[in-house]
Structures are given as C-alpha cells and as structure tokens.
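So the protein lines, in turn, are chains A and B.
According to my numbering, the residues represented by the first sequence are 1 to 334, in order.
According to my numbering, the residues represented by the second sequence are 335 to 668, in order.
Where a beta carbon is used, it is the ideal one built from N, C-alpha and C, also for glycine.
Report on the following structure.
Protein chains: 2
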Amino acid sequence: MGVSVKEVAAHAGVSVGTVSNVLNRPEHVKPETVERVRDAIRLLGYVPNGAARQLREGRSRSLALVVLDSGNPFFTDVARGAEDRAADEGLSVFMANSDDSVEREERHLDVFEQQRVGGVLISPAGDDLSRLAQIRAHGIPVVLVDREAGESAFSSVSVDDVAGGALAARHLLDTGRRHLAFVGGPLRIRQVADRFQGASSAVSADPTATIRLFGADEMSLDEGRRVGEALVPLIKEGRVDGIVAANDLLAIGIQRALLFAADPVRMPEDVGLVGYDDIAFAASAVVPITSVRQPRELIGSTAVELVLEQADGAAEPRRVVYKPELVVRESTVR
Amino acid sequence: MGVSVKEVAAHAGVSVGTVSNVLNRPEHVKPETVERVRDAIRLLGYVPNGAARQLREGRSRSLALVVLDSGNPFFTDVARGAEDRAADEGLSVFMANSDDSVEREERHLDVFEQQRVGGVLISPAGDDLSRLAQIRAHGIPVVLVDREAGESAFSSVSVDDVAGGALAARHLLDTGRRHLAFVGGPLRIRQVADRFQGASSAVSADPTATIRLFGADEMSLDEGRRVGEALVPLIKEGRVDGIVAANDLLAIGIQRALLFAADPVRMPEDVGLVGYDDIAFAASAVVPITSVRQPRELIGSTAVELVLEQADGAAEPRRVVYKPELVVRESTVR
DNA sequence: CATAGATTTTGAAACGATTCATTCACGGGT
DNA sequence: ACCCGTGAATGAATCGTTTCAAAATCTATG
Numbered sequence: 001m002g003v004s005v006k007e008v009a010a011h012a013g014v015s016v017g018t019v020s021n022v023l024n025r026p027e028h029v030k031p032e033t034v035e036r037v038r039d040a041i042r043l044l045g046y047v048p049n050g051a052a053r054q055l056r057e058g059r060s061r062s063l064a065l066v067v068l069d070s071g072n073p074f075f076t077d078v079a080r081g082a083e084d085r086a087a088d089e090g091l092s093v094f095m096a097n098s099d100d101s102v103e104r105e106e107r108h109l110d111v112f113e114q115q116r117v118g119g120v121l122i123s124p125a126g127d128d129l130s131r132l133a134q135i136r137a138h139g140i141p142v143v144l145v146d147r148e149a150g151e152s153a154f155s156s157v158s159v160d161d162v163a164g165g166a167l168a169a170r171h172l173l174d175t176g177r178r179h180l181a182f183v184g185g186p187l188r189i190r191q192v193a194d195r196f197q198g199a200s201s202a203v204s205a206d207p208t209a210t211i212r213l214f215g216a217d218e219m220s221l222d223e224g225r226r227v228g229e230a231l232v233p234l235i236k237e238g239r240v241d242g243i244v245a246a247n248d249l250l251a252i253g254i255q256r257a258l259l260f261a262a263d264p265v266r267m268p269e270d271v272g273l274v275g276y277d278d279i280a281f282a283a284s285a286v287v288p289i290t291s292v293r294q295p296r297e298l299i300g301s302t303a304v305e306l307v308l309e310q311a312d313g314a315a316e317p318r319r320v321v322y323k324p325e326l327v328v329r330e331s332t333v334r
Numbered sequence: 335m336g337v338s339v340k341e342v343a344a345h346a347g348v349s350v351g352t353v354s355n356v357l358n359r360p361e362h363v364k365p366e367t368v369e370r371v372r373d374a375i376r377l378l379g380y381v382p383n384g385a386a387r388q389l390r391e392g393r394s395r396s397l398a399l400v401v402l403d404s405g406n407p408f409f410t411d412v413a414r415g416a417e418d419r420a421a422d423e424g425l426s427v428f429m430a431n432s433d434d435s436v437e438r439e440e441r442h443l444d445v446f447e448q449q450r451v452g453g454v455l456i457s458p459a460g461d462d463l464s465r466l467a468q469i470r471a472h473g474i475p476v477v478l479v480d481r482e483a484g485e486s487a488f489s490s491v492s493v494d495d496v497a498g499g500a501l502a503a504r505h506l507l508d509t510g511r512r513h514l515a516f517v518g519g520p521l522r523i524r525q526v527a528d529r530f531q532g533a534s535s536a537v538s539a540d541p542t543a544t545i546r547l548f549g550a551d552e553m554s555l556d557e558g559r560r561v562g563e564a565l566v567p568l569i570k571e572g573r574v575d576g577i578v579a580a581n582d583l584l585a586i587g588i589q590r591a592l593l594f595a596a597d598p599v600r601m602p603e604d605v606g607l608v609g610y611d612d613i614a615f616a617a618s619a620v621v622p623i624t625s626v627r628q629p630r631e632l633i634g635s636t637a638v639e640l641v642l643e644q645a646d647g648a649a650e651p652r653r654v655v656y657k658p659e660l661v662v663r664e665s666t667v668r
C-alpha cells in the first residue's frame with residue numbers, strides 16, 4: 001500500500017538509515033546523496049508515517065487545544081496565537097471543542113492521551129481537574145487557559161478579571177458617571193464574579209459613587225435586552241448613568257433595548273456603556289461600544305510557551321496573569 | 335516511562351495477546367480473565383498507545399476536518415454534525431482552521447497525511463485541488479464540504495445556492511414586493527454568484543418585477559451599512575421594496591443603516607429584507623431578519639457518511655446537494 | 001605509502017500494539 | 001481409556017521509523 005523508507009532507500013541505492021538522516025539531519029549527509037534521496041522521495045511520492053515516527057520517538061509532534069466553544073472569537077484568536085507559536089517550534093495543534101460538556105471533553109482527552117500528544121492546552125469544562133492531573137502524571141504537560149490553577153499545581157494563563165472590571169468602572173467614573181449598574185450572571189461563573197468584584201471595588205474608592213448588580217440568567221443578546229428594558233426608567237430618573245456589562249453580547253442587547261425604547265435613551269449623553277471581550281460586533285454596533293479587551297493571541301502563544309517549559313526540563317509550573325486593556329469607543333465618550 | 339501491554343500482561347499473569355483481546359474482542363476471553371486484566375489496567379493506569387496501534391493497523395481511528403473559518407457558526411455546526419456521526423462509528427474528528435490561507439491549509443494537510451487519518455473533510459481555500467487528489471491517491475478518502483466537486487472525482491456535500499437565492503426572492507415577491515435589490519459581492523465568490531443567479535431567475539419569471547444588483551466589496555457589517563445608506567433614498571422613492579442580502583452580516587448592516595437613517599425606513603412596511611445563513615444574530619436583530627438556512631449539522635454528518643463509503647469498498651464518489659430552507663421572521667412579514 | 005582522523009554510510013535493535021497459527025485444557029461420547 | 005471438538009490462551013512476526021555503534025570511505029600528513 002504505502003511507500004516506506006525501505007523503497008526509497010532501495011530506489012536511491014542507499015540504506016534506510018541514510019534516508020532517515022536525509023529527513024532529519026541532512027547536514028550529516030553528503031550533498032550529492034541528499035539530492036539522490038530527495039529525488040527518490042519525490043518520484044515515489046513518499047510521505048513519512050507519523051505513527052511509526054511517533055512510536056519510535058515516544059512523543060508526538062503535536063499539541064492539543066480543547067476549548068469550551070469553538071465558535072467564540074475569543075477561542076478562535078487564542079487558537080491562532082497557539083498555532084503560530086507552535087509552528088515556530090515545528091509543532092502542530094489539534095483543536096477540539098468540548099462545547100462546555102464534560103463528556104465531550106472527556107472523549108477528546110481520551111483520544112489525545114492515547115495519541116500521546118506533546119501537551120494539552122485546555123479551558124476545562126467542569127471543576128474537576130483530576131482527569132488532567134492523571135494526564136500530567138502520564139508525562140503530558142497540561143496548561144490551563146483562561147482559568148487560574150488555584151490549588152492545583154498546573155501551569156496556567158489567564159487574564160485578571162478583577163482588574164478588568166475595575167478598568168471598566170473607573171473609566172465610567174472618570175468620564176463623570178456616578179451611579180453604575182453592573183449587568184451579568186450567573187455569579188457562579190468565576191469570570192463574572194471577578195468582574196463584578198473589580199467594578200465594585202473601583203466604585204467603593206469613590207464615596208460619591210454607587211454601583212448596583214443586575215443579575216442575568218445567561219450572557220446572551222436576548223437576556224441583555226430584557227435587562228436593558230428594565231434599566232430604561234432608572235436611567236430616565238437619573239438613578240443610573242453608567243453600565244458595565246459582563247460581556248459584549250449582553251452589552252449589545254442592552255444597547256438595543258435602550259435605543260429602541262418608546263422614549264429612547266441617548267448614548268453616551270444619558271448613559272455610558274462598557275462591554276467586555278471586544279468582539280467584532282462591539283465595534284460595529286449602532287453606537288460603537290467601549291469594551292475591555294483581553295490579549296487573546298498572546299494567551300495562546302503563552303500557553304504553548306508554558307507547555308514547552310514543562311516538556312523539556314520539569315520546570316516549576318508557572319501562572320501567567322495578563323492585564324486586560326480598555327478600548328474606548330463612542331458608547332462612553334464622543 | 336509508559337505502561338505497556340507487556341506490564342499489564344505480566345501483572346495479570348496472562349500473555350500480551352490476551353490483553354489485546356480483552357481490549358478488542360472481550361467476548362473471546364473468559365469473563366474471569368477479562369476481569370483480572372481490567373483490574374491490572376486500572377491499577378497500572380495503562381493507556382493504549384495510539385501510535386503503535388495505528389502503525390500496526392495501517393489506518394487511524396480519526397478523521398480530519400479542515401475549515402475556512404472556525405469562528406463561523408456555519409462551520410461550528412458542520413463540525414458538531416460530523417463529530418456526532420463520527421462518534422457513532424468510534425471515530426474522532428480533528429478540526430483545523432485554514433483561515434482561508436492556502437499555506438495554512440497546506441500545513442494542516444501535511445500533518446494529516448503523515449498522521450494517516452481515516453479521511454479528510456475539507457472546505458478548500460483555493461481552487462487548486464491537486465493536493466487533495468494526491469492525498470486521495472495515497473488511499474485517504476477526501477470529501478469536499480460546501481463546494482461542489484465539479485470536474486474532479488471527489489465526493490462532495492453542498493447546498494444549492496441557486497435554489498436559496500430563488501427562495502429568498504420568491505418569498506419577497508409572494509409577500510407583495512415588486513422591485514428587489516440584491517446586495518452581495520464580490521461576484522467571483524461562487525456562492526454569491528449562485529445566489530444572485532437564483533434570485534434573478536425567480537424575478538424574471540414575473541414580468542411585473544425587477545431586480546438590481548448592488549455590489550459589495552466584502553460580506554461584512556460595515557459594508558452592509560454602506561450599501562444600506564445608498565438604498566434609503568431608493569426605498570423612499572418606491573424604487574426598491576425588497577432586499578436580498580448575500581449573507582446575514584450584510585443584512586444586519588443594511589438593517590442598521592435603514593432604521594437609523596435621518597428619516598428612518600420602516601421594516602417590513604416600507605421594505606422587506608431577507609438574509610442568508612441564519613446566524614444567531616439574525617434572529618435577535620432589532621427587527622428579526624428572515625433568512626435562508628442551510629442544514630448545517632446534516633452537512634457535517636453526511637460528509638462523514640461519504641468518507642466512510644469511500645473508505646470501505648471503493649464506492650463511486652457521490653455528490654450530495656441539499657436544498658436550503660427559508661426561516662421567516664418580522665423583517666418580511668408581521 | 002601508511003595511518004590517524006574525519007566524514008559518510010550501514011543495518012540491526014527498539015518502540016508498543018495486533019494478528020493468527022498453534023498449543024493447551026476440559027468435557028462428552030463411545 | 002481414548003479421541004475429538006470447542007473454547008481459551010499463547011507468543012513470535014509485523015507495521016515504519018529512528019538511533020547508534022560499527023564499518024567503510026575519504027583526506028591529510030609525516
């Protein structure tokens with residue numbers, strides 16, 4: 001069926017060892033021979049068998065990336081960053097989508113573990129990291145993405161959501177707002193809780209300012225619209241003049257509700273709005289929305305970095321935490 | 335380093351062959367022995383080495399899915415359909431993103447070919463299918479997704495864009511509109527050209543109706559807004575009363591421009607709007623947008639089906655073409 | 001021209017699972 | 001007591017690569 005080194009070797013009149021050397025250490029082979037072997041490879045259409053190579057080498061030339069939602073641009077960008085960094089190293093990245101399901105995640109991890117991938121970058125679906133500990137115990141480096149390692153001794157790359165929440169709130173205060181609303185939920189999602197905490201602490205630093213939590217059942221457009229409708233009268237009465245949304249979908253929903261109310265709210269005059277994540281839709285909303293941006297590609301490339309660290313030399317696990325950044329648009333200033 | 339069948343066999347007091355049988359054909363092994371071997375596996379934390387298995391078996395238990403844009407919900411859903419169907423077969427799916435770049439695609443295909451995946455599902459980036467022909471020549475089934483095979487003898491799964499365009503236009507005509515605008519471009523994208531052609535032919539069947547093409551440089555929100563602004567006066571003058579957008583991003587941009595014009599256009603009263611793809615944002619637009627939906631998960635599962643056909647028994651390549659479906663919302667009827 | 005040293009090339013062993021022809025064990029029938 | 005059949009278990013051969021000690025070849029030098 002397939003063409004193997006053996007055929008190539010025969011065709012080029014050399015030994016299999018030499019073919020392998022041409023493939024992996026051409027500088028140790030006489031240029032003339034390299035030429036001859038390469039010709040044979042081309043002629044026969046030889047493609048090395050990854051399984052055999054991997055079996056011999058013990059570890060594979062690829063990394064696994066398991067994300068919660070492959071449709072989320074956040075993860076798309078993380079993936080891009082990871083792939084680019086991995087390519088520098090001659091590694092490839094297999095991406096898998098757990099879709100927030102623990103079983104799907106489990107299935108993918110099984111495959112990757114059997115495949116003996118060189119490392120796993122994962123944004124875990126549940127709270128149980130024991131499976132990951134197992135994988136690491138089998139010698140495969142694991143790096144948590146967008147989640148701090150906490151007690152567990154994993155390397156991790158994450159973004160400081162407390163700082164992000166503070167950034168958003170402080171910007172609203174700095175632009176003259178005094179009574180903020182934080183929209184987000186459910187609070188059991190750590191990211192949401194952290195962002196709220198950050199916003200709260202920024203507000204409490206200013207005795208003239210207040211903040212109030214408006215719970216959301218999910219982080220969606222429609223939920224944003226629902227909450228937005230409830231906010232309209234409060235804004236009209238001057239009891240809310242700034243809104244921090246826990247993500248951009250909520251923010252967009254909120255904006256729609258405000259702008260399309262029977263008696264529309266003006267933005268940024270009557271109220272300032274800050275979203276979170278800086279998705280593409282935030283920039284092209286009716287009134288472009290100020291948003292907190294996470295260094296997405298950087299997260300991906302750093303994650304690969306940490307996997308590599310763990311791989312060669314069992315370095316100490318490291319936890320990298322990036323600071324988010326504010327992208328100011330017309331929803332808060334003109 | 336790793337635990338292999340050998341250790342498991344030793345620990346359970348059986349031969350390696352028996353361990354393998356427990357893994358693959360437990361019904362041929364005495365229940366008592368199965369038990370003993372399973373205990374040993376659990377105790378030692380044995381994980382089969384996929385590379386070794388694959389080397390011996392010749393082909394891998396996984397499929398590759400290469401998409402143009404992993405952020406596009408279309409492909410996310412295709413992937414889900416493919417994964418589910420593959421899981422039924424005990425196969426896993428590795429997803430890779432070519433990001434519309436021929437080199438990225440090339441890199442991924444190299445890896446997959448070396449990995450000897452069981453099949454490749456791909457939405458190719460360029461027009462050159464020779465690399466894919468090569469892969470197939472090496473015994474790996476290839477199925478084109480969202481692109482017809484044309485001359486080439488590949489299996490393919492696609493959706494009839496001509497029918498989709500016709501569906502959109504006819505719906506506008508059926509709801510009383512007479513003068514349509516088709517917004518989309520560039521026309522070298524086959525999908526766009528087909529949709530336009532379908533819309534045109536539907537219109538030409540009705541002598542009282544007209545259709546006019548409004549070119550777009552890209553299929554984005556902002557471009558939609560730009561074209562939308564140009565459409566406002568035409569609608570006001572009654573020279574356009576129905577719009578077919580080549581995708582939902584354009585449609586959303588157009589809607590924004592119309593609703594936020596100095597003298598806003600009413601929808602659906604003054605104009606009807608139909609988008610294409612039925613992305614989530616279409617349903618939650620300010621005025622929810624009627625859209626043409628493609629059977630996305632079905633496309634994925636069918637693609638896997640076709641790969642399997644090609645794999646066992648070298649069946650004739652098949653081309654499956656699905657009909658799209660119209661999802662009616664408030665942008666065309668109240 | 002002999003030889004040490006450097007450069008190339010060789011080919012067998014190893015990686016870990018599956019396969020399959022062969023051997024083993026155990027009853028039942030005569 | 002013997003033979004046969006059936007179900008269970010064995011283990012050597014195999015897949016395609018990489019590695020590395022050893023062999024072969026070449027180069028420079030005395």
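Which residues in the same chain as Ser-220 of chain A place their Cβ atom closer than 6 Å to its Cβ, once the five residues preceding and following it in sequence are excluded? Indexing the first sequence from 1 puts residue 220 of chain A at position 220. Counting only Cβ-Cβ distances below 6 Å, and skipping sequence neighbours, we find Leu-249.
Would you say the segment 259-277 of chain A touches the segment 224-240 of chain A, given that touching needs at least three Cβ pairs under 8 Å? Yes, the segment 259-277 of chain A is in contact with the segment 224-240 of chain A.
Among B:Ala-413, B:Pro-651 and B:Arg-511, whose alpha-carbon lies nearest the alpha-carbon of Ala-487 of chain B? On the second sequence, position 153 is the one that residue 487 of chain B refers to. Ranking the options by Cα distance to Ala-487 of chain B, first place goes to B:Pro-651.
So, at 8 Å on beta carbons, what are the nonlocal neighbours of Glu-423 of chain B in its own chain, with the 5 sequence-adjacent residues on each side left out? By 1-based counting over the second sequence, the position of residue 423 of chain B is 89. Same-chain partners within the cutoff: Val-638 and Leu-642.
Does the contact criterion of 3 or more C-beta pairs under 8 Å hold for the segment 373-380 of chain B versus the segment 401-411 of chain B? These segments do not touch.
Same chain only: Cβ atoms within 8 Å of Gly-556 of chain B, ignoring 5 sequence neighbours per side: Working through the second sequence from its first residue, we reach residue 556 of chain B at position 222. Reading the sequence as shown, one finds Asp at residue 556 of chain B and not Gly. Here the set comprises Gly-587.
Please list the segments of the beta strand (DSSP E) lying wholly inside the segment 539-580 of chain B, counting only runs of 3 or more residues, in order along the chain. When DSSP assignments are scanned along the segment 539-580 of chain B, the uninterrupted stretches of beta strand (DSSP E) that are 3 or more residues long and fall wholly within it turn out to be 544-549 and 576-579.
From the beta carbon of His-11 of chain A, is the nearest beta carbon of chain B less than 8 Å away? The residue given as residue 11 of chain A occupies position 11 in the first sequence. At least 8 Å separates the CB of His-11 of chain A from every CB of chain B.
Using a Cβ-Cβ cut-off of less than 9 Å, list which residues of the segment 419-433 of chain B approach chain A; keep chain order. Against chain A - using a Cβ distance shorter than 9 Å - the residues of the segment 419-433 of chain B are Ala-421, Ser-426, Val-427, Phe-428, Met-429, Ala-430, Asn-431 and Asp-433.
Buried or exposed by the 16-neighbour rule on C-beta atoms within 10 Å, applied to Val-8 of chain A: What you label residue 8 of chain A is simply residue 8 of the first sequence in a count that begins at 1. Label assigned to Val-8 of chain A: buried.
Give every residue of the same chain whose Cβ lies closer than 6 Å to the Cβ of Ile-299 of chain A, excluding the five residues on either side of it in the sequence, and list them in chain order. Counting from one through the first sequence, the residue named residue 299 of chain A turns up at place 299. Excluding positions up to five away in sequence, the list reads Val-78 and Val-157.
Let me confirm a value: Thr-542 of chain B is counted as buried when at least 16 other C-beta atoms fall within 10 Å, else exposed. Which label applies? Taking the first residue of the second sequence as 1, we reach residue 542 of chain B at position 208. Classification of Thr-542 of chain B: exposed, given that the 10 Å Cβ count is below 16.
Taking only beta carbons into account, state which residues of the segment 481-508 of chain B come closer than 9 Å to chain A, listed in chain order. Shown here is that no member of the segment 481-508 of chain B has a Cβ falling below 9 Å from a Cβ of chain A.
Quick check: the Cα distance between His-472 of chain B and Val-661 of chain B, rounded to an integer number of angstroms? By 1-based counting over the second sequence, the position of residue 472 of chain B is 138. By 1-based counting over the second sequence, the position of residue 661 of chain B is 327. Just so you know, the alpha carbons of His-472 of chain B and Val-661 of chain B end up roughly 42 Å apart.
Where do the ends of the alpha helix (DSSP H) carrying Ile-122 of chain A lie? Residue numbering aside, residue 122 of chain A sits at position 122 when the first sequence is read from its first letter. It is not in any alpha helix (DSSP H) - Ile-122 of chain A instead sits in the beta strand (DSSP E) that spans 119-122.
Assign Val-333 of chain A to buried or exposed, taking buried as 16 or more other Cβ atoms, counted over all protein chains shown, within 10 Å of its Cβ. If you number the first sequence from 1, residue 333 of chain A lands on position 333. Exposed, since its Cβ has fewer than 16 Cβ neighbours within 10 Å.
Name the residues in the segment 218-243 of chain A whose C-beta lies less than 9 Å from a C-beta of chain B; which are they? The residues in question are Ser-220, Leu-221, Asp-222 and Arg-225.
Could you check the C-alpha separation between Ala-10 of chain A and Val-16 of chain A for me, to the nearest Å? If you number the first sequence from 1, residue 10 of chain A lands on position 10. If you number the first sequence from 1, residue 16 of chain A lands on position 16. Pairing Ala-10 of chain A with Val-16 of chain A, the inter-Cα distance amounts to about 8 Å.
Could you give the DSSP three-state label for Ser-155 of chain A: helix, strand or coil? For the purposes of this step, residue 155 of chain A is identified with residue 155 of the first sequence, where counting begins at 1. DSSP places Ser-155 of chain A in strand when its eight states are reduced to three.
Out of curiosity, what's the CA-to-CA distance linking Gly-13 of chain A and Ser-354 of chain B? The sequence position of residue 13 of chain A within the first sequence is 13, counting from 1. The sequence position of residue 354 of chain B within the second sequence is 20, counting from 1. Near 39 Å, if we compare the C-alpha coordinates of Ser-354 of chain B and Gly-13 of chain A.
In the DSSP assignment, the beta strand (DSSP E) including Val-476 of chain B goes from what residue to what residue? Numbered from its first residue, the second sequence carries residue 476 of chain B at position 142. Bounds of the beta strand (DSSP E) holding Val-476 of chain B are 476-479.
Indicate the three-state DSSP secondary structure (helix, strand or coil) for Glu-148 of chain A in the structure shown. Locating residue 148 of chain A in the first sequence gives position 148, counting from the first residue. Glu-148 of chain A falls in the coil class under three-state DSSP.
Consider the Cβ of Ser-101 of chain A: report whether some Cβ of chain B lies at a distance smaller than 8 Å. If you number the first sequence from 1, residue 101 of chain A lands on position 101. Chain B, which has no Cβ nearer than 8 Å to the Cβ of Ser-101 of chain A, makes this no.
Applying the 10 Å Cβ sphere with the 16-neighbour rule, what's the burial state of His-513 of chain B? Position 179 of the second sequence, counted from the start, is the residue given in the question as residue 513 of chain B. His-513 of chain B is buried by the Cβ-count criterion.
Buried or exposed (CB count within 10 angstroms, at least 16 for buried), Asn-247 of chain A: Your numbering for residue 247 of chain A matches position 247 in the first sequence. Buried, by the Cβ-count rule.
Cut-off 6 Å between Cβ atoms - residues of its own chain near Arg-511 of chain B, not counting five sequence neighbours on either side: As a position in the second sequence, residue 511 of chain B is number 177, starting the count at 1. Taken in chain order, the residues that qualify are Asp-575, Gly-576 and Gly-606.
CA-to-CA distance, Ala-125 of chain A to Asp-110 of chain A, given in whole angstroms: Taking the first sequence and counting its residues from 1, the one referred to as residue 110 of chain A is at position 110. Taking the first sequence and counting its residues from 1, the one referred to as residue 125 of chain A is at position 125. Taking the straight line joining both Cα atoms gives about 15 Å.
Going straight from the alpha carbon of Thr-410 of chain B to that of Ala-539 of chain B, what length do you get? Numbered from 1 along the second sequence, position 76 holds the residue referred to as residue 410 of chain B. Numbered from 1 along the second sequence, position 205 holds the residue referred to as residue 539 of chain B. Those two C-alpha atoms are separated by around 37 Å.
Taking Cβ positions only, does Arg-680 of chain B come closer than 8 Å to chain A? Only positions 335 to 668 of chain B appear in the structure, and residue 680 of chain B is not among them; the question remains open.
Can you have a look at Gly-238 of chain A and say buried or exposed, based on whether 16 or more other CB atoms are within 10 angstroms of its CB? Residue mapping note: residue 238 of chain A aligns to position 238 of the first sequence, counting from 1. When all chains shown are included, Gly-238 of chain A counts as exposed.
Can you tell me the Cα-Cα spacing of Gly-184 of chain A and Leu-167 of chain A, whole angstroms? The sequence position of residue 184 of chain A within the first sequence is 184, counting from 1. The sequence position of residue 167 of chain A within the first sequence is 167, counting from 1. The straight-line gap from Cα to Cα measures roughly 16 Å.
Quick check: the segment 87-106 of chain A against the segment 43-58 of chain A, are at least 3 beta-carbon pairs closer than 8 Å? Here the segment 43-58 of chain A makes no contact with the segment 87-106 of chain A; the two share fewer than three CB pairs at distances below 8 Å.
Could you tell me which residues DSSP puts in a beta bridge with Ala-398 of chain B? For the purposes of this step, residue 398 of chain B is taken as the residue at position 64 of the second sequence. For Ala-398 of chain B, which the question treats as bridged, DSSP gives the partners B:Phe-428 and B:Val-454.
Excluding the 5 residues preceding and the 5 following Gln-54 of chain A in the sequence, name in chain order all residues of the same chain whose CB lies nearer than 6 Å to its CB. Along the first sequence, read from residue 1 onward, the residue named residue 54 of chain A stands at position 54. Here the set comprises Ser-60.
For Ala-262 of chain A, count the other beta carbons within 10 Å of its own beta carbon; 16 or more makes it buried, fewer makes it exposed. Which is it? Here the question's residue 262 of chain A lines up with position 262 in the first sequence. Per the 10 Å Cβ criterion, exposed.
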